[in-house]
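A.B. asks: In the UniProt record's numbering, the protein residues as written are 1 to 288. For each residue, glycine too, the CB sits at the ideal point set by N, CA and C.
(1) According to the Cβ coordinates, are residue 92 and residue 17 closer than 7 Å?
(2) Would you kindly work out how many angstroms separate the C-alpha atoms of residue 8 and residue 20, rounded to a whole number?
(3) Secondary structure at residue 18, three-state DSSP: helix, strand or coil?
(4) Kindly confirm or deny that the region 58 to 65 and the region 204 to 221 touch, where touching means at least three C-beta pairs closer than 8 Å.
(5) Counting beta carbon pairs with one atom in the region 94 to 104 and one in the region 22 to 33, are three or more of them shorter than 8 Å?
(6) Taking the continuous alpha helix (DSSP H) assigned at residue 119, which residues delimit it?
(7) What residue range does the alpha helix (DSSP H) around residue 274 cover?
(8) Return the residue from the list 158, 115, 263 and 174 that minimises the CA-CA distance to residue 272.
(9) With DSSP as the reference, label residue 259 as helix, strand or coil.
(10) Would you list, in sequence order, the uninterrupted alpha helix (DSSP H) runs of no fewer than 4 residues that lie entirely inside the region 185 to 239?
(11) So, is residue 182 buried or exposed, given that buried needs 16 or more other C-beta atoms within 10 angstroms?
(12) If you follow the alpha helix (DSSP H) that residue 59 is in, where does it begin and where does it stop?
(13) When you compare the CB positions of residue 266 and residue 120, do they come within less than 7 Å of one another, or not?
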């Protein structure tokens, strides 16, 4: 497809960013040297950024008595916001690995989400913010943008592949939105243990602490906390309400093409995100 003029964007370092963002602010972040105790939460947009942040912030609060960590989206808020935050600092970003400031002692949490649900959620997010100039946009239009990797913050495929390639690094924890949804308790423990074994022990030994974290991470609690449109439904499978059979086939084909030579598709082998086997087309009517 031809390059787009909306949703409004800019190109910086050969990377798309929202049009309302400052190149100077992003440039400063790209030069940032992470502290050893910084914790980065990296996702492609609408893949669980606020959710993972809340899990970690609440865990630090109930286990260490620390105040809630401020939500910092580094590309938007910049280095000044990071440096003014209490330590350990929790820094959120949507960048591919090649652009993310790195330190081998800094911890990086990456959260991935299946492409169909990500596309639908990013569409609603984009349409809800006036700065994108897409309030009257249609899903059919946005689907083509997502499919071709022309969304803001680069493209879904590059972002996912770049971080999956680092999943075995000792300072990287790779998670999925779907596993966080289906096993929230286990995901909280996994995240806590990655940051500090003692955090996991504290949660496992005190059920009240765990309940407090799980309550804070619920969709209802987060929607009240954020008081805006950043938290929508928080479900797996909402794509079925928007994506047609033809679109579904196309995005699956593109995804498999982009992920060829990797085992990334296995991340969602137990998740209902693909069409039934095309050798049984009679199943399609029941699926949609």
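C.D. replies: From the atom records:
(1) Taking 7 Å as the Cβ cut-off, residue 92 and residue 17 do not qualify as a contacting pair.
(2) Residue 8 and residue 20: Cα-Cα distance of roughly 8 Å.
(3) The three-state secondary structure of residue 18, taken from DSSP, is strand.
(4) The region 58 to 65, when compared against the region 204 to 221, does touch it at the 8 Å Cβ threshold.
(5) Cβ pair count under 8 Å is three or more, so yes.
(6) Boundaries of the alpha helix (DSSP H) harbouring residue 119: 115 to 128, taken from the DSSP string.
(7) Taken as a continuous stretch (DSSP letters only), residue 274 belongs to no alpha helix (DSSP H), as it is neither H nor E.
(8) Ranked by Cα distance from residue 272, the first of 158, 115, 263 and 174 is 115.
(9) Coil at residue 259, not helix or strand.
(10) Segments of the alpha helix (DSSP H) lying fully in the region 185 to 239: 197 to 205, 207 to 216 and 219 to 226.
(11) By the neighbour-count rule (16 or more Cβ atoms within 10 Å), residue 182 is not buried but exposed.
(12) Residues 49 to 64.
(13) Against a cut-off of 7 Å, the Cβ pair of residue 120 and residue 266 comes out as no contact.
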